[in-house]
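Participant: Numbering (the UniProt record's numbering), first residue to last: 1 to 333.
1. Mind checking who residue 281 pairs with in its DSSP beta bridge?
2. So residue 227 packs on residue 195, CB below 8 Å; how close in whole Å?
3. Taking DSSP as the reference, what is the three-state secondary structure of residue 184?
4. Under 9 Å between the Cβ atoms of residue 158 and residue 199?
5. Would a C-beta distance cut-off of 9 Å place residue 186 and residue 265 closer than the cut-off?
6. DSSP beta-bridge partners for residue 195?
7. Check each candidate in 293, 279, 120 and name the one with the smallest Cα separation from residue 263.
8. Using alpha carbons as the reference points, say which of 232, 192, 236, 238 lies closest to residue 224.
9. Can you find the residues in the same chain that come closer than 7 Å, C-beta to C-beta, to residue 132, ignoring five residues on each side of it along the sequence?
10. Using three-state DSSP, classify residue 205 as helix, strand or coil.
11. Measure the Cβ-Cβ separation of residue 19 and residue 273 and say whether it is below 9 Å.
12. Starting from residue 244, follow the alpha helix (DSSP H) in both directions and report where the run begins and ends.
13. Specify, as a first and last residue, the run of the alpha helix (DSSP H) that residue 153 falls within.
14. Tell me whether residue 40 sits in a helix, a strand or coil according to DSSP, three-state version.
15. Would you call the region 92 to 108 in contact with the region 69 to 78, where contact means no fewer than 3 C-beta pairs closer than 8 Å?
16. Is it right to say residue 307 is buried, meaning 16 or more other beta carbons lie within 10 angstroms of its own, or is it exposed?
17. Looking at C-beta atoms only, is the number of pairs between the region 32 to 52 and the region 4 to 12 that lie closer than 8 Å three or more?
18. Could you tell me the alpha carbon to alpha carbon distance between residue 234 and residue 201, rounded to whole angstroms?
19. Does the region 56 to 71 come close enough to the region 81 to 90 that 3 or more CB-CB pairs lie under 8 Å?
20. Could you tell me whether the Cβ atoms of residue 258 and residue 160 are closer together than 9 Å?
21. Anyone know if the C-beta pair for residue 281 and residue 301 falls short of 9 Å?
22. If you measure between the beta carbons of residue 220 and residue 180, is that distance less than 9 Å?
23. Which residue from 256, 270, 310, 326 puts its Cα closest to that of residue 153?
24. Quick check on the DSSP output: the alpha helix (DSSP H) that includes residue 83 runs from which residue to which?
25. Short check: CB of residue 93 to CB of residue 291, under 9 Å?
26. In this structure, does DSSP put residue 190 in helix, strand or coil?
27. Let me check understanding here. Comparing Cα to Cα, which of 240, 270, 278, 123 lies closest to residue 305?
28. Label residue 338 either buried or exposed according to how many other C-beta atoms from any shown protein chain fall within 10 Å of its C-beta, with 16 as the threshold for buried.
29. Whose C-beta lies closer than 6 Å to the C-beta of residue 183 among residues of the same chain, with five residues either side of it excluded?
30. Starting from the C-beta of residue 16, find all residues in its chain whose C-beta is less than 8 Å away, skip the five residues before and the five after it, and write them out in chain order.
31. Could you check whether residue 126 and residue 108 sit closer than 9 Å to each other, using their CB atoms as the reference points?
32. In whole angstroms, give me the CA-to-CA distance for residue 207 and residue 137.
33. For the candidate residues 212, 39, 111, whose alpha-carbon lies nearest to that of residue 3?
34. Residue range of the alpha helix (DSSP H) that residue 293 falls in?
Here you go:
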């Protein structure tokens, strides 16, 4: 059967996901399975539909326009982020990427037109870089969406709410979304789990995020006996690690569930696994205009956390580029 490779990859994906869903390699297998399935469907389409090959050629011809359209969408999103969230570098990621999508092909073409061997090698390296990180982003995004839609397996005994920046000392909509999701799960779970709002005090915040979050939970009707504030964490890793200590100190035991926004779910889950914390992660809704920039920031953070792995995986492309440069030099000699 022509679909056997795709079916085997899907079987491997579900097996790996069952063993531990908090691994990015699951996303690699999932994307590979979907790619194989699309290839097989394309082959069937080409056999059954006369002239189907022309359709594929038309799709390939439209690829540059698709890239330009994507660049336009990202630039527009970057301008919206700048208007709504301010001119911080973190809010400009989609704008910068949109500009790069326009500039890099032009730069690569200019390098090739010089006919200089080193310049041609740089153009090839740019192509490999863009292709590699594009594929990695597809894997990250696909599995982030897939993981975010998975129901948690066990009733949590503790719910960790990951903190984020307060605005004028108050809980903003982004953080309120996490707290409301935590309250929803808290009310639907018996026995009632321990709520752990987690977050320290930033330089521009009048009090710790965890304290403001705890006040919000209590005002929304949570039992004071079920709220234990963690007020020292300064990043996601500390949110998880310090909240686990708070949970252990409470005398309760069992699985934890971390609540964050949907774009942040996968990275938080990867961190929980690395820290060997028995915790799944669920996501709360986020304003749609915020999602492209937020997912890109999370993707960059995951790349940085696994930088040596990506450097190792990219070494063969650098070797091929060196061979290409030498071949061009030999041909020009």
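Positions of the beta carbon are idealized from the N, C-alpha and C atoms, including for glycine.
In this text the structure is predicted, and so the values were computed from the model without any measurement.
Facilitator: Inspection of the coordinates gives the following:
1. The bridge partners DSSP lists for residue 281 are 258.
2. About 5 Å separates the beta carbon of residue 227 from that of residue 195, a gap short enough to meet the 8 Å contact definition.
3. If DSSP states are grouped into helix, strand and coil, residue 184 belongs with the helices.
4. The answer is no: Cβ separation not under 9 Å.
5. It is not a contact, given that the beta carbons lie outside the stated cut-off.
6. For residue 195, which the question treats as bridged, DSSP gives the partners 159, 227.
7. For residue 263, the closest C-alpha among the options 293, 279, 120 is that of 293.
8. Measuring from the Cα of residue 224, the nearest candidate turns out to be 192.
9. Spatial neighbours of residue 132 in its own chain (CB-CB distance under 7 Å, excluding positions within 5 residues in sequence) are listed in chain order as 314, 317.
10. Residue state, collapsed to three classes: coil.
11. 9 Å or more divides the Cβ of residue 19 from the Cβ of residue 273.
12. Boundaries of the alpha helix (DSSP H) harbouring residue 244: 236 to 249, taken from the DSSP string.
13. Where residue 153 is concerned, there is no enclosing alpha helix (DSSP H), given that its DSSP letter is neither H nor E.
14. The answer is helix: DSSP assigns residue 40 an H, G or I state.
15. Because the criterion of three Cβ pairs below 8 Å is met, the region 92 to 108 and the region 69 to 78 touch.
16. Counting C-beta atoms within 10 angstroms of its own C-beta, residue 307 has fewer than 16 neighbours from the protein chains shown and is therefore classed as exposed.
17. In short, these stretches touch, since the Cβ pair count reaches three.
18. Each residue's Cα considered, the two are about 8 Å apart.
19. Touching, no, given that fewer than three Cβ pairs across the two stretches are closer than 8 Å.
20. In this structure, residue 160 lies closer than 9 Å to residue 258 by Cβ.
21. If you check the CB distance, residue 281 and residue 301 do not come in under 9 Å.
22. Yes, Cβ-Cβ distance for residue 220 and residue 180 is below 9 Å.
23. Comparing Cα-Cα distances from residue 153 to each of 256, 270, 310, 326, the minimum goes to 256.
24. Where residue 83 is concerned, the enclosing alpha helix (DSSP H) starts and stops at 63 to 85.
25. Taking 9 Å as the Cβ cut-off, residue 93 and residue 291 do not qualify as a contacting pair.
26. In the structure shown, residue 190 sits in coil (DSSP, three-state: anything other than H, G, I, E or B).
27. Measuring C-alpha to C-alpha distances from residue 305 to each of 240, 270, 278, 123 identifies 270 as the nearest.
28. Past the edges of the chain, shown from 1 to 333, lies residue 338, and the structure says nothing about it.
29. Around residue 183: 220.
30. For residue 16, where only same-chain residues beyond five positions count, the Cβ hits under 8 Å are 23, 25, 26, 29.
31. Closer than 9 Å, so yes.
32. A direct Cα-to-Cα measurement between residue 207 and residue 137 gives close to 36 Å.
33. Distance from the Cα of residue 3 is smallest, within the candidate group 212, 39, 111, for 39.
34. Counting along the chain, the alpha helix (DSSP H) containing residue 293 begins and ends at 291 to 305.
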